[in-house]
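Shown next, in C-alpha cells, is the structure this report addresses.
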Amino acid sequence: MIATDKSGANLVSLFYALIKDLQVYDLNNDVVQNAAKRLMYYVNTLLNMYNHIELVRYMDYIFFNKQRLRFEIDGYASLQFIHDKLKTIGVKTLTFLPGIDKDEIIIFASVFKEEQDTFQKHFASGTFDHINIEFATEEDEIPDFLRDGEHIKRTYFRALKVTKNLLHNLWTNQAVDVKSSRRIVYNLINALSQDEIGLMALTAIKDFDEYTYNHSLNVAILSLALGQRLGLSKKALARLGTAGLLHDIGKVEIPKQLIYKPGKLTEEEWEIIKHHSDYGVTEILKTRGLDEIGLVSITVAYQHHWNFDGSGYPAHEEDQKPTLFARIVRICDSYDAMTTSRVYQPIPYLPHIVLRILWKHQNIFYDPVLVKAFIQLSGIYPVGSCLELTSGEVCLVIRQNQGHLARPFVKLVRDAQKKKTDGRMIDLSVEKHIKIVKAIYPQKFRVDVATYFV
Ligand SMILES: [Fe+2]
Ligand SMILES: [Fe+2]
6 MIATDKSGAN LVSLFYALIK DLQVYDLNND VVQNAAKRLM YYVNTLLNMY
56 NHIELVRYMD YIFFNKQRLR FEIDGYASLQ FIHDKLKTIG VKTLTFLPGI
106 DKDEIIIFAS VFKEEQDTFQ KHFASGTFDH INIEFATEED EIPDFLRDGE
156 HIKRTYFRAL KVTKNLLHNL WTNQAVDVKS SRRIVYNLIN ALSQDEIGLM
206 ALTAIKDFDE YTYNHSLNVA ILSLALGQRL GLSKKALARL GTAGLLHDIG
256 KVEIPKQLIY KPGKLTEEEW EIIKHHSDYG VTEILKTRGL DEIGLVSITV
306 AYQHHWNFDG SGYPAHEEDQ KPTLFARIVR ICDSYDAMTT SRVYQPIPYL
356 PHIVLRILWK HQNIFYDPVL VKAFIQLSGI YPVGSCLELT SGEVCLVIRQ
406 NQGHLARPFV KLVRDAQKKK TDGRMIDLSV EKHIKIVKAI YPQKFRVDVA
456 TYFV
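Below, the structure written as C-alpha cells:
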C-alpha cells in the first residue's frame, strides 16, 4: 500500500467501524475481532511508513500526520463522529505507536466511546502502552505545526515574490519560463491541504503591492481552494492554479497609465483594456517550456471574461460556453477585484456584499453551482470581515465554522467603548448569546486588518 491522500480517511473509517461494532457486540465477539483485525492491518502498514500515527483535532478539523482530512460525502459520517467524539472527551492529539496490537486497540476503542469522565479515568489507569493522548487545554489549542500559520505565510510571500518576478519579466520583455510558476502552484496546493482557511485568510490582505501581483496570486489561491472543494485531482489543481496565476497576464501589453488611470475610463479606453484577454494568449505562447498546463492557461486567459449566459468579451458565439476552469477563475477574479481598493474604486465592497452580488448574478455572469460552492467555502462573513457585535465590541472573522456558516470564529479588536484591545477569540457557534449586529468597514474604527493576519 502506498500512502495516499486517503490514508487518514481510511484509518478514521476503520476505527469508526470498530467503535460501532463495540456498541452492539462485546469484546470477544467475532464481528469485533474481525473489525479490529482490519484496523490493525491498516495501522501496521501505516506504522511501517511513518514512525507513528497522529490524529490532531483543531477547531473544526482533523489532521492525520499534519495533513488535514477533508470532509467528503464518502466517509463524512466517520470523520464527523471521530471529530465530535474527540471534542466531547476533550482530546487534542491521539497517537498510535509501533508495538500496538489488536487487544490494546479493542480496549482503547471500547473506552473511547465512553463519556468524558469515564474515558479520562480509564485512560489514566495506564493500560495503554502504545497509545498517547494529549488533552486539550483552554489556551493551548493550536497544534504546533499550525502555530501562527508561519509556514503558510512563508509560502504566501514566497509565491508573491515569484509572481512579481514572473510578471515583471514579461513587462520588461525578458524571457519567461512558465515552469517557475509551477513550483509556486505546487507549494500552494500543499499549503491548502494543511490549512485551507489560513491560506485563504491571506487573500484578505490586499495592500502589500501593486494590484496585479497580489490580485494574480489571490485569484490562484481562491481558484485552488474552490477546485479542491469540487474534488479536483492534484494534477487538475496544478493546471487550475497556474491558469489563475496567469489569467490577467495580457495586461502587461496594456499601457500602464490606462491600468492605473484614476477616474472613469472612456469607451475607447475600456475597449483597449478588454484586449488583455487576447493579449494573454500571445503572452503565454511566448513563454518557454509551454506544455499542457500552459495550454489550459491560454484558454482561461482568453475566456475569463466570458459570462455564463453567453455574453462577455472577447466576442464569441452565444452557445460557446467557457470551460470549467474559466468559470472558476471568473468568480474568484470578480470576488478579489470587488473586495480590493483600486484607483477607480477607492472603497472596496465589503466581502459579504460581494457574495450577495455573486449570488444575484448567478446564471447571468456566473455558474450557479460554482457560486454556491464559493459561498460554502467563504462562509457568510468571509475571513477578514469586520463585525460589530451586540455587546458593542468589534471583531474580525478569523476562521469559518464548517457547520455554522453564519457564526464564525472571531477575534475581538475593539472593546465596547471602541477602544483598541487585543481581545480573546470567540467561537460564535458556541457562545450563542453573542450576536452579530452587522458587518462594517474596518476603517470605521481604524482597524488594520492586515496586521492580524501577518
Ligand atoms: Fe481580466
Ligand atoms: Fe483579473
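According to this note's numbering, the sequence shown is numbered sequentially starting from 6.
Each residue gets a CB set at the ideal place from its N, CA and C atoms; glycine is no exception.
CA-to-CA distance, Arg244 to Asp292, given in whole angstroms:
Start at 1 with the first residue of the sequence shown, and residue 292 comes out as number 287. Start at 1 with the first residue of the sequence shown, and residue 244 comes out as number 239. Note that residue 292 is Thr in the sequence shown, not Asp. Approximately 16 Å, taken between the alpha carbons.
In whole angstroms, give me the CA-to-CA distance for Ser434 and Val48.
On the sequence shown, residue 434 is found 429 positions in, with the first residue counted as 1. On the sequence shown, residue 48 is found 43 positions in, with the first residue counted as 1. Take the alpha-carbon of Ser434 and the one of Val48: they are about 34 Å apart.
Which residue from Asp338, Cys391, Tyr354 puts its Cα closest to that of Thr344?
As a working mapping, residue 344 is identified with position 339 in the sequence shown. Nearest of Asp338, Cys391, Tyr354 to Thr344, Cα basis: Tyr354.
Mind checking whether the beta-carbon of His252 lies closer than 7 Å to any heavy atom of ligand 2?
Locating residue 252 in the sequence shown gives position 247, where the first residue counts as 1. Shortest gap from the CB of His252 to any heavy atom of ligand 2: under 7 Å.
Smallest Cα separation from His309: which of Lys279, Ile431, Tyr457?
The residue given as residue 309 occupies position 304 in the sequence shown. Of the listed residues, the one whose Cα sits closest to His309 is Lys279.
For a quick check, are the C-beta atoms of Lys97 and Ala129 less than 8 Å apart?
Here residue 97 is taken as the residue at index 92 of the sequence shown, counted from 1. Here residue 129 is taken as the residue at index 124 of the sequence shown, counted from 1. Not a contact, by the Cβ cut-off of 8 Å.
Closest by C-alpha distance to Ala248, when choosing among Glu297, Leu263, Gln262, Ile277
Residue mapping note: residue 248 aligns to position 243 of the sequence shown, counting from 1. The candidate whose alpha carbon is nearest that of Ala248 is Glu297.
Close Cβ partners of Ala378 (< 8 Å) along its chain, the five nearest in sequence each way excluded
Taking the sequence shown and counting its residues from 1, one reaches residue 378 at position 373. For Ala378, where only same-chain residues beyond five positions count, the Cβ hits under 8 Å are Leu231, Arg234, Leu235.
With a threshold of 16 other CB atoms inside 10 Å of the CB of Ala14, please say whether the residue is buried or exposed.
Numbered from its first residue, the sequence shown carries residue 14 at position 9. Counting the other CB atoms within 10 Å of its CB gives Ala14 a total of 16 or more, which places it among the buried residues.
Contact between the stretch 425 to 439 and the stretch 398 to 414 is defined here as three or more beta-carbon pairs at a separation below 8 Å; is this criterion met?
Under the 8 Å Cβ criterion, the stretch 425 to 439 counts as touching the stretch 398 to 414, having at least three qualifying pairs.
Report yes if the CB atom of Ser12 is closer than 8 Å to the CB atom of Gly80, and no otherwise.
Residue 12 sits at position 7 when you count from the first residue of the sequence shown. Residue 80 sits at position 75 when you count from the first residue of the sequence shown. The Cβ atoms of Ser12 and Gly80 do not sit closer than 8 Å to each other.
Do the CB positions of Lys282 and Leu250 come within less than 8 Å of each other?
Residue mapping note: residue 282 aligns to position 277 of the sequence shown, counting from 1. Residue mapping note: residue 250 aligns to position 245 of the sequence shown, counting from 1. Looking at the sequence provided, one finds Ser at residue 282 rather than Lys. With contacts defined by Cβ atoms closer than 8 Å, Ser282 and Leu250 do not form a contacting pair.
Would you check if the distance between the CB atom of Ala444 and the CB atom of His357 is smaller than 8 Å?
Your numbering for residue 444 matches position 439 in the sequence shown. Your numbering for residue 357 matches position 352 in the sequence shown. Note that the C-beta distance between Ala444 and His357 is below 8 Å.
Skipping 5 residues on each side, what residues in its chain have a beta carbon closer than 6 Å to that of Pro327?
Residue numbering aside, residue 327 sits at position 322 when the sequence shown is read from its first letter. Here the set comprises Gln308, Trp311.
Leu110 vs Ala41 beta-carbon contact at 8 Å
The count along the sequence shown starts at 1 and reaches residue 110 at position 105. The count along the sequence shown starts at 1 and reaches residue 41 at position 36. Checking the sequence, you will find Ile at residue 110 rather than Leu. Yes. Within cutoff.
Sequence-distant residues of its chain with Cβ nearer than 6 Å to Phe68 (five each side left out):
Translated into the one-based positions of the sequence shown, residue 68 becomes position 63. Same-chain partners within the cutoff: Val61.
When you compare each of Thr160, Met45, Gln28 to Pro103 by their alpha carbons, which one comes out closest?
Start at 1 with the first residue of the sequence shown, and residue 103 comes out as number 98. Among Thr160, Met45, Gln28, the Cα nearest to that of Pro103 is on Met45.
Residue(s) in a DSSP beta bridge with Phe100:
Here residue 100 corresponds to residue number 95 of the sequence shown, with the count starting at 1. The sequence given here has Thr at residue 100, not Phe. Answer is Glu59, Asn137.
Residues near Asp453 in its chain [Cβ-Cβ closer than 7 Å; skip 5 each side]
One-based indexing of the sequence shown puts residue 453 at position 448. Excluding positions up to five away in sequence, the list is empty.
Out of Leu375, Ile385, Val442, Gly408, which one is the CA nearest neighbour of Glu393?
To locate residue 393, count along the sequence shown from 1; it is residue 388. Of the candidates Leu375, Ile385, Val442, Gly408, the one whose C-alpha sits nearest the C-alpha of Glu393 is Val442.
Please tell me whether Lys169 and Tyr218 are closer than 8 Å, where the distance is taken between their beta carbons.
Within the sequence shown, numbered from 1, the residue matching residue 169 stands at position 164. Within the sequence shown, numbered from 1, the residue matching residue 218 stands at position 213. Yes. Within cutoff.
Within the present structure, is the beta-carbon of His281 separated from the nearest heavy atom of ligand 1 by less than 7 Å?
In the sequence shown, counting from the first residue as 1, residue 281 sits at position 276. Yes.
Does the distance from the C-beta atom of Ile333 to that of Ser228 stay below 8 Å?
Here residue 333 refers to the residue found at position 328 of the sequence shown. Here residue 228 refers to the residue found at position 223 of the sequence shown. At the C-beta level, Ile333 and Ser228 come within 8 Å of one another.
What I want to know is whether the C-beta of His309 ends up closer than 7 Å to one or more non-hydrogen atoms of ligand 1.
Taking the first residue of the sequence shown as position 1, residue 309 is located at position 304. Within the cutoff, so yes.
Pairs of beta-carbons, one from the stretch 261 to 268 and one from the stretch 178 to 186, closer than 8 Å: are there three or more?
Contact fails between the stretch 261 to 268 and the stretch 178 to 186, because fewer than three Cβ pairs, one in each stretch, are under 8 Å apart.
Please tell me whether Leu363 and Tyr386 are closer than 8 Å, where the distance is taken between their beta carbons.
Locating residue 363 in the sequence shown gives position 358, counting from the first residue. Locating residue 386 in the sequence shown gives position 381, counting from the first residue. No.
Arg293, DSSP secondary structure in three states
Within the sequence shown, the letter at position 288 stands for residue 293. Secondary structure of Arg293 (DSSP, three-state): strand.
For Ile352 and Ser346, the rounded distance between their alpha carbons
On the sequence shown, position 341 is the one that residue 346 refers to. On the sequence shown, position 347 is the one that residue 352 refers to. Their Cα atoms are separated by approximately 5 Å.
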